[in-house]
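Report on the following structure.
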Amino acid sequence: MGGSGMTSGDRCFLDTNVLLYAFDDTQPTKQAIARKLIERFGRERRAVLSTQVLIELFHNLVRKFKVAAPTASLMTAAFCEWPVIDSDNALVLKAMARASENGLSIWDAMVVEAAIRSGVGTLYSEDMQHGQRFGDLVLLNPFTALA
Numbered sequence: 194m195g196g197s198g199m200t201s202g203d204r205c206f207l208d209t210n211v212l213l214y215a216f217d218d219t220q221p222t223k224q225a226i227a228r229k230l231i232e233r234f235g236r237e238r239r240a241v242l243s244t245q246v247l248i249e250l251f252h253n254l255v256r257k258f259k260v261a262a263p264t265a266s267l268m269t270a271a272f273c274e275w276p277v278i279d280s281d282n283a284l285v286l287k288a289m290a291r292a293s294e295n296g297l298s299i300w301d302a303m304v305v306e307a308a309i310r311s312g313v314g315t316l317y318s319e320d321m322q323h324g325q326r327f328g329d330l331v332l333l334n335p336f337t338a339l340a
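Position one of the sequence shown corresponds to residue 194 (this note's numbering), numbered consecutively onward.
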């Protein structure tokens, strides 16, 4: 193997909801699963995020969890050390096309397109259909066993 020897199957993309559950004390089972994913993939920087995910994380920490903005900034900044896909014009255009073609919300389409751009094999999210495929990308809901 060339490069780092890491294949797309060794890396994943985490949607905002996975990160948020890691801080949600009202959902202990989901919190444990989210923390396990973050530990498993985050320690070695094998989890990829996007600028959108970081912005949504900060916003929800402040609005939903009532975390003070300076503290939420520090919490979000810790994830800025991970690989992050920028949301640029090309990504927005692809996301709009994806939203039209697949019936996704623009926000979900942005996450899907960022995950595709990152080259990962798996997108972990609670917001879309478990097992859904977008080319080589498969969406897995890490919390489906709870349903």
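Glycine included, each C-beta is placed from N, C-alpha and C at the ideal position.
Do you know how far the Cα of PHE251 is from the Cα of MET268?
8 Å
Are the stretch 236-248 and the stretch 278-287 in contact at 8 Å, needing three or more beta carbon pairs?
yes
If you check the beta carbons only, do LEU316 and ASP203 fall under 8 Å apart?
no
For VAL313, which of helix, strand or coil comes out of DSSP?
coil
Helix, strand or coil: which one does DSSP assign to LEU207?
strand
Which class does LEU242 belong to by DSSP, given the choice of helix, strand or coil?
strand
Do you know how far the Cα of SER311 is from the Cα of THR337?
24 Å
Rank ILE299, VAL305 and LEU213 by C-alpha distance to the C-alpha of ALA227 and give the top, closest one.
LEU213
Sorted by chain position, which residues of the same chain lie with C-beta nearer than 6 Å to ILE309's C-beta, five sequence neighbours on each side aside?
LEU330
With a cut-off of 8 Å on the beta carbons, I'd call SER365 and ALA292 a contact; round off their distance for me.
An answer regarding residue 365 cannot be provided, because it is not within the stretch 194 to 340 covered by the chain.
Can you pull the DSSP bridge partners for PHE327?
LEU330
Using three-state DSSP, classify VAL260 as helix, strand or coil.
coil
If LEU254 and ALA265 are in contact, beta carbons under 8 Å, what's the gap, nearest whole angstrom?
4 Å
Complete runs of the alpha helix (DSSP H) confined to the stretch 270-297 [at least 4 residues]
282-295
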